[in-house]
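With full-length UniProt numbering, the residue at position 101 of the sequence shown is 101, and numbering never jumps. Virtual Cβ for every residue (Gly too), placed ideally from N, Cα, C. Quick caveat, the model's predicted, so the values are computed rather than measured. Note sheet for the following structure.
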Amino acid sequence: MERRDSRQATSDYPHPFIHKLNLTRAQRIRGMVLGTILFPIRVLLVTLCFLMMWPIARLRLAGLSEEERSRPIVAGWRWWLLHSIIRFLSRAAFFFLGFWVRVKGRRAGCKEAPVLAVAPHSSFLDMLVLPETQLATVVSRSENQKIPVIGALLGFNQSVMVNRKNPESRKQAIAQIIERLTSNGYWPQMLMFPEGTTTNGTILIKFKRGAFLAGVPVQPVLLHYPNKLDTVRWTHKGTTWIETLWHTCSQLYTNVTVEFLPVYTPSQEEKDDPNLYADNVQKLMAKTLGIPATDHVMEGRVPTRMLGGLSLPLEPPARETLSLLHKDGLREPEVEVALTQMIDRCQSEQGWRAVADELVPLMGLTDRQTAAKICGLYSKDDKVDLRQIYLSVAAVSSFMDFKSLLHIAFTLYDREGRGSLTAVDVSDLMGAIVGSPQYHTEELYSELSWRGAPTEQELFRVLTTHPTYQKLISEYLTSEGAESTTPSTPLINGKVGNNNEGLPNDNRSALLYKTADNSSALPHKKDD
1 MERRDSRQAT SDYPHPFIHK LNLTRAQRIR GMVLGTILFP IRVLLVTLCF LMMWPIARLR
61 LAGLSEEERS RPIVAGWRWW LLHSIIRFLS RAAFFFLGFW VRVKGRRAGC KEAPVLAVAP
121 HSSFLDMLVL PETQLATVVS RSENQKIPVI GALLGFNQSV MVNRKNPESR KQAIAQIIER
181 LTSNGYWPQM LMFPEGTTTN GTILIKFKRG AFLAGVPVQP VLLHYPNKLD TVRWTHKGTT
241 WIETLWHTCS QLYTNVTVEF LPVYTPSQEE KDDPNLYADN VQKLMAKTLG IPATDHVMEG
301 RVPTRMLGGL SLPLEPPARE TLSLLHKDGL REPEVEVALT QMIDRCQSEQ GWRAVADELV
361 PLMGLTDRQT AAKICGLYSK DDKVDLRQIY LSVAAVSSFM DFKSLLHIAF TLYDREGRGS
421 LTAVDVSDLM GAIVGSPQYH TEELYSELSW RGAPTEQELF RVLTTHPTYQ KLISEYLTSE
481 GAESTTPSTP LINGKVGNNN EGLPNDNRSA LLYKTADNSS ALPHKKDD
């Protein structure tokens, strides 16, 4: 089976991880009046529902051994009595929040579709779909087990728990999901939000593979909120969760439609390729919703869009760095001097690692907080890779053209001075230019190495002529407000760097030889 129509270009659409509720003055006044009355009443009623569910959820697992808890509870009084009560109270809780739920279509049985794929994912309020799916089992973070009431309900649900920071826990969760989905009805139906995060609903972002790994049929489920005010969304930026709850509770009612689409049965090709399976279901659901399907993803807490395996942050650290530098009083010439000093530092015995206190004199900053913020954009610890700051900032500035930038990047990451790059080198180099770690550069490396070891000329050729990767330059690495013509020669130690067409190994800048001499100090893993 061939892939369906390609996704829409992600650059053509607004940021899907930002939602701001724009209210008129009249709507604000109305919301304040109704909210003052409805919010406390609704929160109180919902709290009572959850407090009643708490002991009932605990009772379901009471007296069971670990072995018994590892099996599905789908019979006996623990099922027909307690399950019905929890489902009724769950429906009541969302009714008290003001939701009027309409169901469209038919929910398939567990054997017909072991997994329900729900989208778009708007906020925590989307859990209102659970009562309409017979409280299908879910996947949740292991940290949620410690939350009062929520932890008990997850145990009642026999949810698959995963510690996202623990690779072994992720492997076990995947194995558990596949086991349940292929149990031929032994385990209850599972419900997943394949987007993996919440969006503003303007597009359908790339689906994660979890719901499609088992290669079993899925039933797509669409959530519609056909209201004048879109109050239910809670995204990466914009409306906070408490504002979402307040604005939703301040409405007399909130309409929601749960639409069950026909079961999607995968082809053999889709069974063999979960990514293809996920992509095709995503496009089908997007088409039904009448919105674009794109390659946007949320990696950790960083909103990104995918481009040939490259993860491009929607909020580039380099642009934020430039903004911070300008706020600190640095003008363009001073920024260029600061970047040049970074190259000097990389060549010195001090190396290319620096802490925030070292960035202050290195970049000519007046405020240490600015240095700390810049470090936080590029690193999770107190040290930052100066090569990343230099290359990413230079890439979105007008200081040099792309060929000159690539020459410097190549010399910095050609660890052995051989004139070619390894797969790890390519990954690190692209991560530095983009300003964000790159973990899926296999496609790019394959394109670079099919003629032999990736050279500088080959890297330049692929990035400037390949239909996919040339978008990196034309759409992403563009200086805001820069002229179409940019300087063609970089400064290295205050001298003009080599920008010859052939770029032979014996005519490279002194930077190459310094980098080669210090190769033992350079990282060999992406997480160094």
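Within 7 Å, strictly: CB atoms of residue i and residue j
i	j	result
Thr199	Ile205	yes
Trp54	Val138	no
residue 531	Phe260	This structure cannot settle anything about residue 531, because the visible part of the chain is limited to 1 through 528.
Ala356	Ala372	yes
Ala136	Met192	no
Ala278	Arg209	yes
His247	Pro16	no
Pro361	Met285	no
Leu405	Ala395	yes
Lys383	Gly238	no
Leu325	Val337	no
Tyr390	Leu307	no
Ala117	Ala211	yes
Gly151	Gln145	yes
Leu222	Val115	no
Asn255	Asn227	yes
Ile291	Ile203	yes
Presumed contact (8 Å Cβ cut-off) between residue i and residue j, rounded CB distance
i	j	result
Gly435	Ser392	3 Å
Pro217	Phe207	16 Å between Cβ atoms; not a contact.
Glu320	Leu245	In fact, because the Cβ distance is near 30 Å, the residues do not count as touching under 8 Å.
residue 598	Leu444	Any answer about residue 598 is impossible in this case: the structure gives the chain only from 1 up to 528.
Asp328	Thr366	6 Å
Pro131	Ser90	5 Å
Residue of the options minimising C-alpha distance to residue i
i	options	result
Phe402	His440, Gly419, Leu463, Arg345	Leu463
Trp352	Glu68, Ala432, Trp100, Gly215	Ala432
Asp272	Ala214, Tyr390, Glu168	Ala214
Arg345	Gly201, Arg387, Ser449	Arg387
Ala173	Arg141, Gly290, Ile203	Arg141
Leu45	Pro303, His121, Phe96	Phe96
Pro437	Asp385, Val263, Met400, Ala453	Asp385
Val162	Leu153, Glu143, Lys287	Glu143
Pro454	His121, Thr422, Ile86	Thr422
Burial state of residue i (16 or more Cβ within 10 Å)
i	result
Val119	Correcting the residue identity first, residue 119 is Ala in this sequence and not Val. Under this definition Ala119 is a buried residue.
Ile147	exposed
Phe156	buried
Phe88	exposed
Trp187	buried
Met342	buried
Trp241	exposed
Pro490	Residue confidence is low: Pro490 scores 39 on pLDDT, short of 50, so the model does not pin down where it sits. Its coordinate-derived value is still stated next. Pro490 comes out buried.
Val33	exposed
Thr47	exposed
Tyr225	buried
Ala62	exposed
Ala409	buried
Trp234	buried
Asp414	buried
Glu447	buried
Tyr469	buried
Leu252	exposed
Pro167	exposed
Ile29	exposed
Lys471	buried
Lys380	exposed
Pro316	buried
Phe399	buried
For residue i, three-class secondary structure by DSSP
i	result
Val232	coil
Asp425	helix
Ser70	coil
Lys165	coil
Phe212	helix
Ser122	coil
Phe99	strand
His15	coil
Tyr255	The identity of residue 255 in the sequence shown is Asn, whereas the question assumes Tyr. Here Asn255 sits in strand by DSSP.
Ala338	helix
Gly238	strand
Ser6	Because Ser6 sits at a pLDDT of 44, beneath the cut-off of 50, its placement in the model cannot be relied upon, and the following sentence gives the value as read from the coordinates. Reduced to three states, the DSSP call for Ser6 is coil.
Ser140	strand
Phe410	helix
Tyr476	helix
Leu116	strand
Glu456	helix
Glu299	strand
Ala394	helix
Cβ of residue i within 7 Å of any chain D Cβ
i	result
Leu61	Included in the structure is just one protein chain, with no chain D present.
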